[in-house]
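Colleague: Have a look at this one.
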Amino acid sequence: MRHYLQLLFFGFLFTSPFALGASPQSSNDTHEYFLSNGLKLIIREDHRAPTVAHMVWYRAGSMDEFNGTTGVAHVLEHMMFKGTDKVKAGEFSRLVAAEGGRENAFTTRDYTAFFQQVEKTKLNKVMELEADRMVHLNFDDAEFAKEIQVVMEERRLRTEDNPDSLLNESLMATAFMSSPYRHPVIGWMNDLINMKASDARQWYQYWYAPNNATVVISGDVDPEKTYRLVEKYYGGIQAHALPVRKPQIEPEQKGVKQVHVKAPADGAQLVMVWKVPRLQPDGINNDEPYALELLAAVLDGYDNARLNRTLVKQERLADNVDAQYDMISRGPALFIVGVDLAKGKTVAQAEAGIRKTLAEVADKGVLDSELKRIQIRLLSNQVYKRDSIFGQAMEIGGFEMAGFSWKDLDTVLERMQKITPAQVQAVAKKYLVDTTLTIAILDPQARQSTKAEAQK
Amino acid sequence: MKTDFKPLILSALMALALISSVQAALPIEQLDSFHGAKGYLVQTKTLPMLDIEISIDAGSRYDPSAKSGLASLTGALLNKGIRSSKGALTEDQIADQVADLGADLSVGVTGERALIRIRCLSRSDIRDRAVGLARQILSNPSYEPAVLNREKQRISAGLLEAETKPDFVLERRFKKAVYGDYPLGNAMTVKSIAALTASELKQFHQQFYRSDRVIVSMVGDISRAEAQEMMQTLVKDLPATGSAIPPLPELFRSPIESTADREIQIPFDSQQAHIAMGMTAIARNNPDYFPLMVGNYALGGGGFVSRLMNEVREKRGLAYSAFSYFAPGQDNGIFQAGLQTKNDQASMALDVMTETIAQFIAKGPTQSELDAAKANLANGFPLRIDNNRKLLDNVSSIAWNGLPLNTLDTWTEQVNAVTRDQIETAFQKYLAMDRMKIVVLGAKQ
């Protein structure tokens, strides 16, 4: 299935309609500390294996960028591997690798994060390296000139030659007029062409500070000893004032918007997105976001969920379907429904099919058994999630970056279990309406150079 | 049986907890063979969950010529309807039951095997129902023509879509170039899919889905006795044997050829050129596996610290990624290297890649590259086995490739024993530049 909300990763992708939830013993095995320089530290103990995940999350993503230098958050993520006074360009990865570590980084609209996974006795080494580059990053113009070429290749690979990404890019830029969510995380190509080393350095000076960072460590660690290690390496770094974040609130949408994208592809795609509320850190008891999460799962949370059952299996309007909503974000939330059209079907037919499926939920509601199925899934996921040390750190970090506390994870899970069919029906009726709807259509164009080899 | 293994596991767990540098893996237990099926178990008690992988020797390599896609579709339809003398379930009912259990159940087919994967809570009522369902899926798929038709339409649409994507087109042409007439050289096409019938799928299922072609791997919170029983349940409705299956053709070493014969240019109006280079190499149980694996870490498997990435990306900014890998299995797998770069840099990038690989084959890694590779692989070993999912992958691979059950225990030792000479000798034995197929897809400059 396609991923409409773009996350840019160095090496991997993750997605889940249930990206939330609490661990059964989360209050006993999770520990929170604040350093005097404003750095927040969260430690999740998991003693299943002698490994540890170490992550630093900076609360600065593409939503903090301005027009003309879009993509700079991600460019700086790349430059973070280009050296400090002590560690020259390229050495960071070599030193982590020598410890047997796996490392990477990723940038999203909301944050930028760096991580290493290591055998537990190597934690101090990677922590020393990560703390060093929080304050001593020191790349030269020649390194920048090479790396911006790499980023442009990344954009060619992931976006320019990828119709799904092109469609998503236009969709976001159409749905949002003013919110910085309208810009792609990797940046517009023209901004990359004109990016200067000084833009990246300034970004670093603005946002890379202990008072804008959260360190999350999960794995086979002793919390008190680990806290002292964090104090040792990160504690001496000075806090500094962060730039004022202006609200940049998206104006209210007044009616349907539509965008057509012509790109090399074989089949048409249709994506419909609605502006919907997100969960607010001070509104954790508001049930609407939970009901929207469950609505997305009723539509596309398992093999026989409604969209797949009706549009793919029964009516043959689509070959693939997708419904997504993520209630945890810093910026505005969207409820997304997308389909790959089946051969011979028109966009109008597909749109009518989606509308009919959604109208059924809004008019007749969902079954108790459907909702139970989703809620059971959420509970068993709590156990499955514990299988991954890395996944646990990811969950905590993502939650913290959106302004929540990991302590809220329990509440979120509890409230999801209490949502009723009537509440799911109510949000479908209230929010999936035309005034906030944006429609994006991929109009497939033949590639001139290839002739349907699959038909041979 | 259960208690026999307790002390072993307890000591292993304590070792993991107390000695930080310990690299011992939990023991892999071999279950008693049942109707020819093999079973393997790693007991992990810390989470109340269970992961199962059922491997069936029924991969795409058994596709008859002109019937590419037969093995894939036979596997893909396993969970889309079942029917037996005991009853029937539609695909919707199967999906609802899996969801009601809070379980994951997926099916898939690779070149070598068909796979059913299950993840569920280990509570006995839940796992019994999940295993019961999996048993029916494995043994009694109904192959409804209407469902087959729909899946054929979906797969065809997916193929035509993939046809517009540079990475897919490159990969298919590269596989054809390297595998030649070996069945894995033939990818499924809209035409080959269209011709497949429900009775052909049933026949393929009957011929290849037999208990003597099944391996069940399990990791999770169950006892050996429970695992033994579940493994028997899973396969007991399958035929135990069947008529002889003709042997696969041999996969020969890629021949020495002139550059013109080895190189394929595919015009493609993408912004980037995609390049693949490689040849047939080794099976997983080859004694030279470790020298090749450690060597490849230094060449193109080690991400940012590999020589290919360093030459192509770090020094020259030519590509976002550049890599190489060996893909060994039961059969001789291939060696493959690749990158993507903007069209006007394609020939420069190909030169850099060729030169880098050639030099590595000629001279092997430097001592410091070898030390770095060993340091990463050995120090990083705990990360290969630190959760149930990764353990399952390891158990299943060990079982499928017929490796010794102590493979994980000796893994680090084997990595550390590799010398520069062994790498150089092994690379020269299995790879050669004048045997490498090269496919370049993109706008010609």
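Sequences listed follow chains Z and G, in order. The first sequence begins at 34 in my numbering and counts up by one. The second sequence begins at 8 in my numbering and counts up by one. Where a beta carbon is used, it is the ideal one built from N, C-alpha and C, also for glycine.
Just the Cα atoms here: how many angstroms apart are Z/Leu72 and G/Ala433?
Modeller: Pairing Z/Leu72 with G/Ala433, the inter-Cα distance amounts to about 50 Å.
Colleague: I need the boundaries of the alpha helix (DSSP H) containing G/Trp407, first residue and last residue.
Modeller: Asn395 to Trp407
Colleague: Since I believe G/Leu315 is in contact with G/Gly307 (beta carbons under 8 Å), could you give me their beta-carbon distance rounded to a whole number of angstroms?
Modeller: Cβ-Cβ separation between G/Gly307 and G/Leu315: approximately 4 Å, consistent with a contact (criterion under 8 Å).
Colleague: Measuring alpha carbon to alpha carbon, tell me which residue in Z/Arg419, Z/Leu170, Z/Pro280 and Z/Gln408 is nearest Z/Ile452.
Modeller: Z/Gln408
Colleague: Would Z/Gly288 and Z/Thr103 qualify as a contact pair, given that the criterion is a beta-carbon distance under 8 Å?
Modeller: Going by C-beta atoms, Z/Gly288 is not nearer than 8 Å to Z/Thr103.
Colleague: Reducing DSSP to helix, strand and coil, say where Z/Asn353 ends up.
Modeller: Strand.
Colleague: Please indicate yes or no: does the CB of Z/Lys290 lie closer than 7 Å to some heavy atom of the ligand ADP?
Modeller: Questions concerning the ligand ADP fall outside what the structure shown contains, since it holds no ligand whatsoever.
Colleague: Within this structure, are the beta carbons of Z/Leu262 and Z/Ala473 separated by less than 8 Å?
Modeller: no
Colleague: Anything in the stretch 71-87 of chain Z with a Cβ closer than 7 Å to a Cβ of chain G? List those residues in chain order, please.
Modeller: His80, Arg81, Ala82, Pro83 and Thr84
Colleague: What does the Cβ neighbour count give for G/Ala369, buried or exposed, with the cut at 16 atoms within 10 Å?
Modeller: exposed
Colleague: At the 8 Å Cβ level, is Z/Val217 part of the contact set with chain G, yes or no?
Modeller: For the record, residue 217 of chain Z in the displayed sequence is Pro; it is not Val. So no, Z/Pro217 is outside the interface.
Colleague: Can you tell me whether G/Leu255 is buried or exposed, with buried defined as 16 or more other CB within 10 angstroms of its CB?
Modeller: exposed
Colleague: Is it buried or exposed for G/Ala78, if we count other Cβ within 10 angstroms and need 16 for buried?
Modeller: buried
Colleague: Apart from the five residues on each side of it in sequence, which residues of its chain come closer than 7 Å, Cβ to Cβ, to G/Ser28?
Modeller: Low confidence applies here, because G/Ser28 scores a pLDDT of 34, under 50, leaving its location unreliable and the question unanswered by this model.
Colleague: In chain order, which beta strand (DSSP E) runs of at least 3 residues are fully inside the stretch 204-273 of chain G?
Modeller: 221-227
Colleague: Which term fits G/Arg161, buried or exposed, when burial requires 16 or more other beta carbons within 10 angstroms of its beta carbon?
Modeller: That one is buried.
Colleague: Check distances from the C-beta atoms of the stretch 374-386 of chain Z to those of chain G and list, in chain order, the residues that come in under 8 Å.
Modeller: Along the stretch 374-386 of chain Z, going in chain order, the ones with a CB nearer than 8 Å to a CB of chain G are Ala375 and Lys376.
Colleague: Which of the three DSSP states is assigned to G/Gly115 in this structure?
Modeller: Annotated three-state conformation of G/Gly115 is strand, per DSSP.
Colleague: So what does G/Ser331 bridge to, in DSSP terms?
Modeller: G/Ala344
Colleague: Just to confirm before moving on: does the CB-CB distance between G/Thr419 and G/Ala385 stay below 8 Å?
Modeller: yes
Colleague: Which same chain residues, not among the five before or five after Z/Asp62, have their C-beta less than 8 Å away from its C-beta?
Modeller: Ser56, Arg77, Glu78 and Asp79
Colleague: Name the residues in the stretch 31-62 of chain G whose C-beta lies less than 9 Å from a C-beta of chain Z; which are they?
Modeller: Thr51, Thr53, Leu54, Pro55, Met56 and Asp58
Colleague: For chain G, check one thing: does any of its Cβ atoms lie closer than 8 Å to the Cβ of Z/Glu348?
Modeller: Not an interface residue.
Colleague: Taking buried to mean at least 16 other C-beta atoms within 10 Å of its own C-beta, is Z/Pro13 buried or exposed?
Modeller: Residue 13 of chain Z lies beyond the residue range present for chain Z, which begins at 34 and ends at 489; the question has no answer from this structure.
Colleague: Quick check on G/Lys349: does DSSP put it in helix, strand or coil?
Modeller: strand
Colleague: Look at Z/Ala122 and Z/Glu176 and say whether their C-beta atoms are less than 8 Å apart.
Modeller: yes
Colleague: Would you please verify whether the beta carbon of G/Ala334 is less than 8 Å from any beta carbon of chain Z?
Modeller: no
Colleague: Is it true that the stretch 327-337 of chain G meets the stretch 298-313 of chain G, where meeting means three or more beta-carbon pairs spaced less than 8 Å apart?
Modeller: yes
Colleague: Measuring straight from C-alpha to C-alpha, what distance separates Z/Asn244 and Z/Thr140?
Modeller: 19 Å
Colleague: Consider the Cβ of G/Val312: report whether some Cβ of chain Z lies at a distance smaller than 8 Å.
Modeller: yes
Colleague: Could you round the C-beta distance between G/Leu128 and G/Pro55 to whole angstroms and report it? I think they count as a contact, below 8 Å.
Modeller: 6 Å
Colleague: Rounding to the nearest angstrom, what Cα-Cα distance links Z/Gly54 and G/Asn413 in this structure?
Modeller: With a pLDDT of 31 at Z/Gly54, under the threshold of 50, the modelled position of this residue cannot be trusted, and the question is left open.
Colleague: Strictly below 7 Å CB to CB, what residues from chain G border Z/Leu412?
Modeller: Gly109
Colleague: Report the start-end ranges of each beta strand (DSSP E) in the stretch 449-482 of chain Z that is 3 residues or longer and not cut off at the edges.
Modeller: Taken in chain order, the unbroken stretches of beta strand (DSSP E) that lie wholly in the stretch 449-482 of chain Z and span 3 residues or more are 470-478.
Colleague: Are the beta-carbon atoms belonging to G/Arg142 and G/Thr240 less than 8 Å from one another?
Modeller: Yes, they are a contact pair.
Colleague: For Z/Val85 and Z/Gly431, what's the separation of their Cα atoms in angstroms?
Modeller: 18 Å
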